[in-house]
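Student:
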Amino acid sequence: MLELRNPEAPASPAEAPAWTRKDLLDTDTLSNAEIQLILETAEGMREVRNRPVAKVATLRGVTVITLFYEQSTRTRASFEVAAKALGADVVNLTASGSSVEKGETLIDTIRTLEAIGADLVVMRHGKSGAPYLAARNTAAGIINGGDGTHAHPTQALLDLFTMRRHAGDLAGKRVVIVGDVLHSRVARSNLWTLLASGADVTLCGPATLVPRTLASQVSELGRCTVTTNLDDAISGADIVMALRMQKERQEKGLIPSLREYIAGYQVNARRLAKARPGALVMHPGPMNEGIEIAPDVAHGVASVIEEQVANGVAVRMAILYLMATARRP
Ligand code: CP
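Heads up: the sequence shown begins at 3 in my numbering, then just goes up one per residue.
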């Protein structure tokens, strides 16, 4: 369990975290040791969160800026709570109401935030790759809070943290991710952490949303299969993660109708009964209850969806702590 160091006490080399990355952009390049470090640090942060006064001054003097070009509830709020719980100064910016509306470029915005004193910038952007561009153009640490259809690393890490707390070692465990895999940054980032943990992953959805090209790509990864049949996929599963189904997918002709999608791919009690006893139900949120997940399952005994959200604070505290501490001279 991590002991959060008294900020007044000098760091000894033995206490120094083994985190060296300036940025956290995706999970695909994280080593097992780095993933383990984040999860162990998050356990310590959970303990901090459970204290009567759930605050420490470890990041006093650190400035964290959240820069969101897209809507968010969980990611933005939990990063803010996480940063404040560690004693950091927090500034929240959205594209709406900022100089982005006057045409300021992403690079100019990031450089402006650095000039203001940002140490870490948590960034969400609708375009895949935007945080990578930002990271190349600033000395501030960039944390990807979700970019286009590409990656959502902190979501995958909080998902992994939640899975491990319930299911323990994931080696050999069967995890089903069902829904719009094609457009899901959550599915993509989860795939890397799950494969690194030794889990067997099944990606499931209509052929238009889990295309053959993806199937051939993931088949090279091993321990990852693709299917269009949820009833088969869910049989014997240890963990079932439903993804949000955006109504626009129907307008774009990717699913025939929401009614047919529900019939084939909703995670409901009948299907969940085929999973292993004690199987976990997860969802990154926001949920469309009654579409990709039945309300009784979303709020049932198997669901750890609210716990995912709560764990998001501890995991994001861990990430902020590791990244900010690694920047100290
Ligand atoms: N899971 C997730 O990213 O939720 P928000 O869009 O509310 O941040």
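Where is the CB? At the ideal position from N, CA and C, for every residue including glycine.
At the level of alpha carbons, what is the spacing between Val-228 and Leu-193?
Tutor: Here the question's residue 228 lines up with position 226 in the sequence shown. Here the question's residue 193 lines up with position 191 in the sequence shown. Cα-Cα distance, rounded: 12 Å.
Student: Using DSSP with H/G/I as helix, E/B as strand and the rest coil, what is Ala-16?
Tutor: The sequence position of residue 16 within the sequence shown is 14, counting from 1. The predicted model places Ala-16 with a pLDDT of 44, which falls under 50 and marks its position as unreliable; any figure quoted below should be read in that light. Here Ala-16 sits in coil by DSSP.
Student: How should Gln-310 be labelled, buried or exposed, when 16 other C-beta atoms within 10 angstroms of its C-beta is the threshold for buried?
Tutor: On the sequence shown, position 308 is the one that residue 310 refers to. It counts as buried.
Student: Roughly how many angstroms lie between the CA atoms of Ile-321 and Gly-150, to the nearest whole one?
Tutor: For the purposes of this step, residue 321 is identified with residue 319 of the sequence shown, where counting begins at 1. For the purposes of this step, residue 150 is identified with residue 148 of the sequence shown, where counting begins at 1. When rounded, the distance between both Cα atoms is 21 Å.
Student: May I ask you to check if the CB of Ser-74 is nearer than 6 Å to at least one heavy atom of ligand 1?
Tutor: Along the sequence shown, one-based indexing puts residue 74 at 72. Checking the Cβ of Ser-74 against ligand 1 gives yes.
Student: With C-beta atoms as the reference, is Val-123 less than 7 Å away from Ile-40?
Tutor: Stepping through the sequence shown from its first residue, residue 123 is reached at position 121. Stepping through the sequence shown from its first residue, residue 40 is reached at position 38. No; because the gap between Cβ atoms is not below 7 Å, this pair is not in contact.
Student: I'd like to know if the stretch 97-107 and the stretch 37-57 are in contact, where contact means that at least 3 CB-CB pairs between them fall below 8 Å.
Tutor: No contact exists between the stretch 97-107 and the stretch 37-57.
Student: In three-state terms, what does DSSP make of Leu-27?
Tutor: The sequence position of residue 27 within the sequence shown is 25, counting from 1. Three-state result, Leu-27: coil.
Student: Could you check where the alpha helix (DSSP H) with Arg-167 kicks off and where it finishes?
Tutor: Walking along the sequence shown from the start, residue 167 turns up at place 165. 155-169 is the span of the alpha helix (DSSP H), which, as asked, contains Arg-167.
Student: Shorter than 6 Å, the distance from the beta carbon of Thr-29 to the closest heavy atom of ligand 1, or not?
Tutor: Translated into the one-based positions of the sequence shown, residue 29 becomes position 27. No, ligand 1 has no heavy atom inside 6 Å of this Cβ.
Student: Does the beta carbon of Gln-157 fall short of 6 Å from some heavy atom of ligand 1?
Tutor: One-based indexing of the sequence shown puts residue 157 at position 155. Gln-157 Cβ: within cutoff of ligand 1.
Student: Give a yes or no on whether the minimum CB-CB distance between Val-66 and chain D is below 7 Å.
Tutor: As a matter of chain content, chain D is missing from the structure shown, which is built from one protein chain.
Student: Which residues bound the alpha helix (DSSP H) around Ala-117?
Tutor: For the purposes of this step, residue 117 is taken as residue 115 along the sequence shown, with counting starting at 1. Here the alpha helix (DSSP H) through Ala-117 covers 108-118.
Student: Does the Cβ-Cβ distance between Ile-307 and Ala-277 come in under 7 Å?
Tutor: Locating residue 307 in the sequence shown gives position 305, where the first residue counts as 1. Locating residue 277 in the sequence shown gives position 275, where the first residue counts as 1. Contact flag unset, no.
Student: Report all residues from its chain with a CB closer than 7 Å to the CB of Leu-197; omit the five preceding and five following residues, and keep chain order.
Tutor: Position 195 of the sequence shown, counting from 1, holds the residue named residue 197. These residues qualify, in order along the chain: Val-203, Leu-223, Arg-225 and Cys-226.
Student: Assign Val-55 to buried or exposed, taking buried as 16 or more other Cβ atoms, counted over all protein chains shown, within 10 Å of its Cβ.
Tutor: For the purposes of this step, residue 55 is taken as residue 53 along the sequence shown, with counting starting at 1. So Val-55 counts as exposed.
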